[in-house]
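Per numbering that gives the first Met the number 0, the sequence shown starts with residue 0, numbered consecutively.
Ideal placement from N, C-alpha and C gives every residue a C-beta, glycine not left out.
Below is one structure; the comments refer to it alone.
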Amino acid sequence: MEISEIKQNDLELKCVGIITQCLADLGQKDNDAEHKVMLARSLAKDLKYKYSTLPMQAVELAFYKGPRDTELFVLSAATWCKWLNTIKREVWEGWHHFELGNSHVIQKPIMDIMKKQPKLLIEYKKKLNG
């Protein structure tokens, strides 16, 4: 399901879970529920406005890979935007490899996202045709 198809309240609830897990993955203790809700609302807003065509699965993958591939052990909008942009780029590169017939080089998690998102292929083709 794409971010744009998720109701705002449901998205914010999902974001609280993502934020909580991410803080744990980064080794940060944050027992302040208000702070987590504030971060979750900010993340939900970014997802709706900047990443609405991404599926929730891509967001979860970004927040799984991000803490494991980063030197910055702080969770902020700048950090998660880097992670989400990386996933977005990996998905677009996946479509590019798919178009070239190089499906074997696409990572399985990215291929799983691509299989569920035919709309992204349409967007990709529009960008190519300009």
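Judged by DSSP secondary structure, Thr78 falls within the alpha helix (DSSP H) whose first and last residues are Ala76 to Leu99. Residues of the same chain with their beta carbon placed closer than 6 Å to that of Met110 are lacking, with the five preceding and five following residues left out of the count.
For Phe62, the enclosing alpha helix (DSSP H) begins and ends at Met55 to Arg67. For Val15, the closest of Lys87, Gln116, Glu59 and Leu99 by C-alpha to C-alpha distance is Glu59. Taking the CA atoms as reference points, Leu53 sits about 10 Å from Asn84.
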